[in-house]
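Beneath this line is the structure, given in structure tokens, with notes to follow.
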Amino acid sequence: DAGITQSPRHKVTETGTPVTLRCHQTENHRYMYWYRQDPGHGLRLIHYSYGVKDTDKGEVSDGYSVSRSKTEDFLLTLESATSSQTSVYFCATGLAGFTDTQYFGPGTRLTVL
Amino acid sequence: TQLLEQSPQFLSIQEGENLTVYCNSSSVFSSLQWYRQEPGEGPVLLVTVVTGGEVKKLKRLTFQFGDARKDSSLHITAAQPGDTGLYLCAGAGKRASGSRLTFGEGTQLTVNP
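Set out below in structure tokens:
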């Protein structure tokens, strides 16, 4: 296990409120990723980071922002949550980019009412 | 957009049976990964195949990468209840901005005792 934790594990919020999800790793992996998992869509990349303060967009980045001020922490923020952002969010880490093994956290189940 | 189609989406079999899961695309991938995900947890990497035609075995699981690196299969021999889970394939492909990992929707396998 790569020592990845996500917080919170479950959250219920209302439309229009800001939400921040946290991913914390203890393995000193350079790469960190945020995915969402939805029925019928599989895992889709939201944003990823290839180093401290270095981030890039994934395929479903609209409505999301990220920050990485320390190697071990990667934050995902929903500026104004919408019902379409109800999903299970997974953080992953890796040593050497997309072709390398990705180690996933346990996930955060977010419900936007 | 690189798409990966997995089939079947759902598979329910009896203990001891054999099964094959398929992962197909019209795109060429530089490598392909197989993950297994159990309820309430993140995916865990099973194997990565890199070379066209490559076959890898993991106990009762056999993974094959197509010669053209567009498709892959996972064969399980003598399935056991412990094999139950969501099996995901993920292809790493080249883009102008760097590699990306594209996930299939997954195959939900249930092995009944």
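In order, the protein sequence lines correspond to chains A and B. Going by our numbering, the first sequence opens with residue 279, and the numbers climb by one from there. Going by our numbering, the second sequence opens with residue 49, and the numbers climb by one from there. We put the beta carbon where it would ideally sit given N, CA and C, even for glycine. A quick note: this is a predicted structure, and the numbers were derived from the prediction, not measured.
Taking the beta strand (DSSP E) that A:E316 belongs to, which residues open and close that run?
Before going further, note that residue 316 of chain A is Asp rather than Glu in the sequence given. Counting along the chain, the beta strand (DSSP E) containing A:D316 begins and ends at 309–316.
Nearest to B:P87 by CA position, among B:N160, B:T132, B:E153, is which residue?
For the residues B:N160, B:T132, B:E153, the minimum Cα distance to B:P87 belongs to B:T132.
Alpha carbon to alpha carbon, how far is B:K118 from B:P161?
Going from the Cα of B:K118 to the Cα of B:P161 covers about 34 angstroms.
Measuring alpha carbon to alpha carbon, tell me which residue in A:C369, A:S365, A:K335, A:T295 is nearest A:H307.
Cα-wise, what sits closest to A:H307 is A:C369.
For A:P286, go through chain B and note every residue whose CB falls closer than 7 angstroms to its CB, in chain order.
Going along chain B, no residue has its Cβ under 7 angstroms from A:P286, so there is no contact; the nearest lies around 14 angstroms.
Count the other C-beta atoms from every protein chain shown that fall within 10 angstroms of the C-beta of A:V297, then say buried if there are 16 or more, exposed otherwise.
A:V297 comes out buried.
Take the Cβ of B:A144 as the centre, count every other Cβ of all protein chains shown within 10 Å, and call the residue buried at 16 or more, exposed below.
Any reading at B:A144 needs caution, since the residue's pLDDT is 47, under 50, leaving its predicted position unreliable; the model's value is listed next. B:A144 is exposed by the Cβ-count criterion.
Decide yes or no for the touch test of the region 345–353 of chain A against the region 287–296 of chain A: beta carbon pairs closer than 8 angstroms, at least 3 of them.
Contact between the region 345–353 of chain A and the region 287–296 of chain A is absent, because fewer than three Cβ pairs lie under 8 angstroms.
In chain order, what residues of the same chain have a beta carbon less than 6 angstroms from the beta carbon of B:Q156, not counting five sequence neighbours either side?
So the qualifying residues of the chain are F58, L134.
Which residue marks the beginning of the beta strand (DSSP E) containing A:H319, and which one marks its end?
Looking at the DSSP string, A:H319 is not in any beta strand (DSSP E), and its letter there is neither H nor E.
Using a Cβ-Cβ cut-off of 7 angstroms (strictly less than) and excluding sequence neighbours within five positions of B:V159, which residues of its own chain qualify?
Excluding positions up to five away in sequence, the list reads I61, E63, A127, Q128, P129, D131, T132.
Would you tell me roughly how many angstroms separate the C-alpha atoms of A:L353 and A:G372, rounded to the nearest one?
If you take the alpha carbons of A:L353 and A:G372, they lie about 16 angstroms apart.
Would you say A:T291 faces chain B, with C-beta separation under 7 angstroms as the test?
Judged by the 7 angstroms Cβ criterion, A:T291 is not in contact with chain B.
Excluding five sequence neighbours on each side, which residues of the same chain lie with their C-beta closer than 8 angstroms to the C-beta of B:L93?
Q81, W82, Y83.
Could you tell me whether the Cβ atoms of A:D334 and A:Y326 are closer together than 7 angstroms?
Cβ atoms of A:D334 and A:Y326: closer than 7 angstroms.
Interface residues of chain B around A:L321 at Cβ under 8 angstroms?
Simply P91, L136, A138, F151.
In terms of alpha-carbon separation, which member of B:C71, B:C137, B:T96, B:G152 lies closest to B:L106?
Taking only the C-alpha atoms, the option nearest B:L106 is B:T96.
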